[in-house]
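Notes follow the structure.
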Amino acid sequence: MRIRQIVFAAADLKAGAAQLGVLLGLDAPYRDPGVAEFGLDNAVYLFGDQFIEIVAPTRGGTTAGRLIERRGDCGYMLILQTDDFDRELARFERLGVRRVWAKDLEDIRATHLHPKDIGGAIVSIDQPMPAASWRWGGPDWKLQGGTAAQQRVVGVNVGADNPTAMAARWAQVLGLGAPTALGATQRLLLDGGWVDFEHAGARGEG
3 MRIRQIVFAA
13 ADLKAGAAQL
23 GVLLGLDAPY
33 RDPGVAEFGL
43 DNAVYLFGDQ
53 FIEIVAPTRG
63 GTTAGRLIER
73 RGDCGYMLIL
83 QTDDFDRELA
93 RFERLGVRRV
103 WAKDLEDIRA
113 THLHPKDIGG
123 AIVSIDQPMP
133 AASWRWGGPD
143 WKLQGGTAAQ
153 QRVVGVNVGA
163 DNPTAMAARW
173 AQVLGLGAPT
183 ALGATQRLLL
193 DGGWVDFEHA
203 GARGEG
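Converting from the sequence shown to our numbering requires adding 2 to each position, the first position being numbered 1.
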């Protein structure tokens, strides 16, 4: 399991995308028309061989829109790459983890887990084929040259009412080793990265 894409939700896509692009010195983003099925527009930035995406609702009643109403602009989804999609599906089935969306294509298999069954965020498990490819980054992306190719998303922070319980649940659902305590934070190790679970602030879990 490794972090391949992180997704933020923003009320104003243009402003949020411009801010992120300037902050990280990113090239122009890819606009994925496929997110329209979720009532979203987006901007997908290449970051090394990973991706940073911002989504914004284009109609009422979307999951992203409800999240923005509760928490403001915030983290939305974590997409993890696996090397064995069938192994993950078998574990989800065994644990009774619900899947709210799935796609099985010639170059990628993907599924979104029900956030109530893991907590803190929408988590997607994806297996691209070949492993270095990534459909969600657009048809024309290629690894950047020079130091830009070495950029990495190494970790994300998730606010939880009970960080210990949520970290343990993520470890169980994702088939990972037990979390490690770092003071009040619980760290779950991934391949080349981590997820840190901290006490949720005034905005609540997420």
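All C-beta atoms in this analysis are idealised placements derived from N, C-alpha and C, irrespective of residue type, glycine included.
Since the structure is predicted, the reported quantities are computational estimates derived from the model, not experimental observations.
Per DSSP, which residues does residue i bridge with? Please list them.
i: F53; result: Q7, L48
i: M131; result: Bridge partners of M131: none, in fact.
How would you call residue i, buried or exposed, if buried means at least 16 neighbouring beta carbons within 10 angstroms?
i: M131; result: exposed
i: V24; result: exposed
i: L42; result: buried
i: Q152; result: exposed
i: T166; result: exposed
i: P181; result: buried
i: L184; result: exposed
Between residue i and residue j, what straight-line distance do the alpha-carbon atoms span, to the nearest angstrom?
i: G148; j: V9; result: 25 Å
i: A133; j: G139; result: 13 Å
i: A11; j: G74; result: 8 Å
i: I127; j: I81; result: 6 Å
i: A58; j: G67; result: 7 Å
i: L190; j: W172; result: 8 Å
i: V99; j: L192; result: 20 Å
i: R154; j: K144; result: 15 Å
i: E200; j: G77; result: 14 Å
i: L97; j: A104; result: 18 Å
When every heavy atom of the ligand FAD is checked, does at least one fall within less than 8 Å of the C-beta of residue i?
i: V24; result: Among the components modelled here there is no ligand, and therefore nothing to report on the ligand FAD.
Between the Cα of residue i and those of the options, spot the shortest distance and give me the residue it belongs to.
i: D86; options: A123, R111, T187; result: R111
i: Y47; options: D34, A38, F40; result: D34
i: R114; options: L91, A150, G161; result: Reading the sequence as shown, one finds His at residue 114 and not Arg. Comparing Cα-Cα distances from H114 to each of L91, A150, G161, the minimum goes to L91.
i: L107; options: I124, Q129, A123; result: Q129
i: M79; options: R72, D88, H116; result: H116
Would residue i pass as a contact of residue j if the rule is Cβ separation under 9 Å?
i: D29; j: W136; result: no
i: L194; j: V158; result: A small correction: the amino acid at residue 194 is Gly; Leu does not occupy that position in the sequence shown. Their beta carbons are not under 9 Å apart, which means G194 does not touch V158 by this criterion.
i: A186; j: G161; result: no
i: Y32; j: D142; result: yes
i: L26; j: I5; result: no
i: A19; j: I70; result: no
i: I124; j: V175; result: no
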